[in-house]
Each structure stands twice: as structure tokens, then as C-alpha cells.
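S.K.: Position 17 of the sequence shown, counted from 1, bears residue number 17 in UniProt numbering, the numbering being contiguous throughout.
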Amino acid sequence: MKTFLAIILLAVLVWVLPYYWQKWRRRYLRSRPLSAARYRSLQAALPFYSALPPAARRELCANVSLFLHDKEFVGCDGLRLSEQMRVAIAAWACLLLVGRENRCYPALRTVLVYPDTYVARETHFEGLVETTADSAREGESHYLGPVVLSWADIEEDLYHPEHGRNVIVHEFAHKLDEEDGVYDGRPLFAQDQSGNNWAPVFRREYERLRDRVAGVGDGHVGPVGPGVRESGDGISILDPYGAQSPAEFFAVASEAFFTLPDQLRHHHRDLYGELQAFYRLDPAAWHGGEPTIGRG
1 MKTFLAIILL AVLVWVLPYY WQKWRRRYLR SRPLSAARYR SLQAALPFYS ALPPAARREL
61 CANVSLFLHD KEFVGCDGLR LSEQMRVAIA AWACLLLVGR ENRCYPALRT VLVYPDTYVA
121 RETHFEGLVE TTADSAREGE SHYLGPVVLS WADIEEDLYH PEHGRNVIVH EFAHKLDEED
181 GVYDGRPLFA QDQSGNNWAP VFRREYERLR DRVAGVGDGH VGPVGPGVRE SGDGISILDP
241 YGAQSPAEFF AVASEAFFTL PDQLRHHHRD LYGELQAFYR LDPAAWHGGE PTIGRG
């Protein structure tokens, strides 16, 4: 009997201890303050950092500390990653988490960074026919796997936020989208969030973007300015790539939410409202300033 109880106790410990170890480790890493150099890099990557509420700044720094210790950064094709580059990626990835209860992308282990746009091989099957092709990528997010980024595109996005693009936000929005088990453009809501308006608002905005993109060949859509596009039914600042699928639409909408919040709120008020409710942030209240992150 004693042997049986000992076996049961050992099994319970084997099952429980890793959970509490990980929980303690996360709490410890989150509590570690950023070094002065990392803090300066964080401020350089997020020019609006000082405008964030104090609680948001604390949460951001805690998650950045955890992210930098918990995720492996790998430079590809000869790219040597500097500490400033790592902090810039962590800062923007963790910005998406500031207003939400989170575990800092628990399924993510590795961030791969290429010096520039890279080539990925795609394989498609149609019946018994297998087709393989190469395609240029700025970034990608693998389901329950690594995030891949192009540093040249990150720099371009950070120096020109008026374009409404941010590959870090885009790929990490996909990571949030996968938390419910599928890439479908409807991320996992907190327990106290209903998300009742999400589907109708996103469906309407997604279809509007698809209609705009479909009208390109007829001359109904064209650029008005950086990040802004005009069509027969009005102004949009959403990247046409969002018309590819609901998952891509959520990622593109998240880019606009964090980089062009004033314009998104003005031209897509309902969409902005749903993103504001999901992220529990109001970027329009704290945007401004120019990035000072160094190149290389």
C-alpha cells in the first residue's frame, strides 16, 4: 500500500512540479528590470513609449524582459543580430500584449531574422498533382512554430510608420490568432469579453476591402498618400494584402491599429473600436514622435 501511495505521489509531483516551475520562472523573468541599454533601445523602437500609461509601461517592460530571456533569436543568411535589434522586435511583439492577460506567446520558441526579403518554398497539392514554387517573403508565422522576419523590412516599417505597415505586428497578430487553434481572423477573447460585435464588423470591413481590391483593375482604387488608398466607396488605409483571407485581414488591421490609429479611427471607426476592445489599448491617444533606432 505504501509503495502504491509513493508511486501516486511521485506521479503527481512529476505532473505538478513543471507547471509551478514554469510559473515561478515566468514571474522571476518578468520581475527582472531591463538594463539601461535595453531600456534605451526599447524607447528608441517605440517613440510613443513615454505617452503610454504607467501601468502599460510596466507591463510592456515585464513582457520584454521575459521575451528576451525566453525566446531564441537566430540570425539567418549571415545576419548578426545586435541587442538593439532583438529589443526592437521584442518591444513591438510585446506591445500587442500590454492590455491583455497573456503568457507572452507560450508556444513560440524561436524568432528567425533574415537580413532582407527571403525566399521560401511552397508546395501545393491538387489531387495527385504536387506543385512546388519559390516565393519572396517579408515575414511569416508558423502555426505553433517560429516567427520569421526580414530586418530590412522591419527598418523600413519603423522609419516610415506613415505607410501603415509593421511586419512584426503582422506576424505576431497571427500568433494571437492561433491561440484558439486555428488561423481564422477571430482571436481568442478574454473571459470577460463577449466579442459579439467582432464577427459582423470584421466581415463587413473584410468584404469592403475585397471589393476595393477587386476594383483595382477597373481603376477604382488608387493611392492617395502614404498608407492611404481611395476607392469608389471612400477612403481606406488597409493594406490590400488583407483581402487574401480573414486571418490576413486581422493581421493587416492590427498593423494599421498600431501604426496609423488616428486614420484608422477616422476611416474605419467600427473596426478601430473592435480592435480597441480586443487589445484593450487606445493607440490614438499616445501616438507621435519619430523612431530613433539605429540601422544595422
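The C-beta atom is built at its ideal place from N, Cα and C for all residues, glycine as well.
Do A190 and E101 count as a contact pair if the criterion is CB distance below 8 Å?
M.R.: yes
S.K.: Does the beta-carbon of H266 have 16 or more other beta-carbons within 10 angstroms, so that it is buried, or is it exposed?
M.R.: The residue is exposed, with fewer than 16 neighbouring Cβ atoms inside 10 Å.
S.K.: Does the separation of the CB atoms of F250 and A199 fall below 8 Å?
M.R.: no
S.K.: Among S41, G215, S150 and T259, which has the Cα closest to the Cα of T77?
M.R.: The displayed chain sequence assigns Asp, not Thr, to residue 77. When only C-alpha atoms are compared, the closest one is S150.
S.K.: Which residue from V148, P283, P240 and Y114 puts its Cα closest to that of D211?
M.R.: P240
S.K.: In angstroms with no decimal places, state the Cα-to-Cα distance between S35 and V201.
M.R.: 42 Å
S.K.: If you draw a straight line from the C-alpha of F48 to the C-alpha of V213, how long is it?
M.R.: 32 Å
S.K.: Using the beta-carbon count (16 or more within 10 Å), is A45 buried or exposed?
M.R.: buried
S.K.: For S141, which three-state DSSP category applies?
M.R.: strand
S.K.: Going by the CB atoms, is the gap between A88 and S41 shorter than 8 Å?
M.R.: yes
S.K.: Over the uninterrupted alpha helix (DSSP H) stretch that includes L95, give me the two end residues.
M.R.: E83 to L95
S.K.: Determine the DSSP secondary structure at H220, reduced to helix, strand or coil.
M.R.: Legend: pLDDT at H220 = 39, less than 50; position of this residue unreliable, value from coordinates given subsequently. H220: coil per DSSP, three-state reduction.
S.K.: For the beta strand (DSSP E) holding V113, just list the boundary residues, first then last.
M.R.: T110 to Y114
S.K.: Measuring CB to CB, does P283 end up less than 8 Å from G185?
M.R.: no
S.K.: In whole angstroms, what separates the C-alpha of N196 from that of L209?
M.R.: Roughly 21 Å separates the two Cα atoms.
S.K.: Considering only the alpha carbon of each residue, which of P33, R280 and E207 lies closest to G99?
M.R.: R280
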